[in-house]
Amino acid sequence: QVQLVESGGGLVQPGGSLRLSCAASGTSGSILSSNYMGWYRQAPGKERELVATISRGGFTNTADSVKGRFTISRDNAKNTVYLQMNNLKPEDTAVYYCNGRWSTQVYWGQGTQVTVSS
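Under the numbering used here, the first residue of the sequence shown carries the number 42, and numbering increases by one thereafter.
See the structure below:
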């Protein structure tokens with residue numbers, strides 16, 4: 042079993058920055074043993090969408106809508122994945138979810154709210 046806990050969400054003005062954290066724990070919770078870790082988001086009335094992923098080998102993939110503004114990274118020693126979000130826009134407002142895949146199992150965190158508003 043793996044537990045993923047997100048933190049770092051909140052209210053920020055347009056143009057501001059936030060850093061989300063996703064701490065993994067559990068008997069199989071080493072991020073280095075995952076196939077990938079990722080961030081998704083879901084805005085009200087919209088489907089959940091991919092934001093960014095990082096593979097076991099460290100390769101990253103970022104959605105076009107946030108490319109150049111958001112960066113996914115990880116700290117293996119802390120068993121934590123981060124999403125650095127810069128130049129935030131109102132359309133980035135959503136619940137952000139961390140997920141990860143270990144073998145055939147996919148786990149999700151509970152989500153953290155990000156609101157971009159003046």
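The C-beta atom is built at its ideal place from N, Cα and C for all residues, glycine as well. Everything numeric in this text was worked out from a predicted model, so none of it was measured.
Between the alpha carbons of residue i and residue j, how many angstroms are there, rounded?
i	j	result
Gln125	Lys108	11 Å
Ser48	Asp105	24 Å
Asn76	Ser159	38 Å
Ser71	Asn120	6 Å
Tyr123	Lys87	24 Å
Tyr138	Ile95	14 Å
Between residue i and residue j, how many whole angstroms is the CB-CB distance? I'm expecting something under 8 Å.
i	j	result
Leu129	Val43	Rounded, the Cβ-Cβ distance is 29 Å, inconsistent with contact.
Going by alpha carbons, who is nearest to residue i out of the options?
i	options	result
Ala135	Ile72, Val92, Val46, Asp116	Val92
Phe111	Tyr148, Leu59, Gln83, Gly98	Leu59
Cys63	Gly51, Pro55, Gly79, Gly56	Gly79
Taking 8 Å as the CB-CB cut-off, is residue i touching chain C?
i	result
Asn76	In the structure shown, chain C cannot be found, because there is only a single protein chain.
Taking residue i as part of the beta strand (DSSP E), name the residues at either end of that continuous run.
i	result
Val159	Here the sequence assigns Ser to residue 159, which means Val is not the residue at that position. Neither: Ser159 is in no beta strand (DSSP E) and is coded neither H nor E.
Val136	135-143
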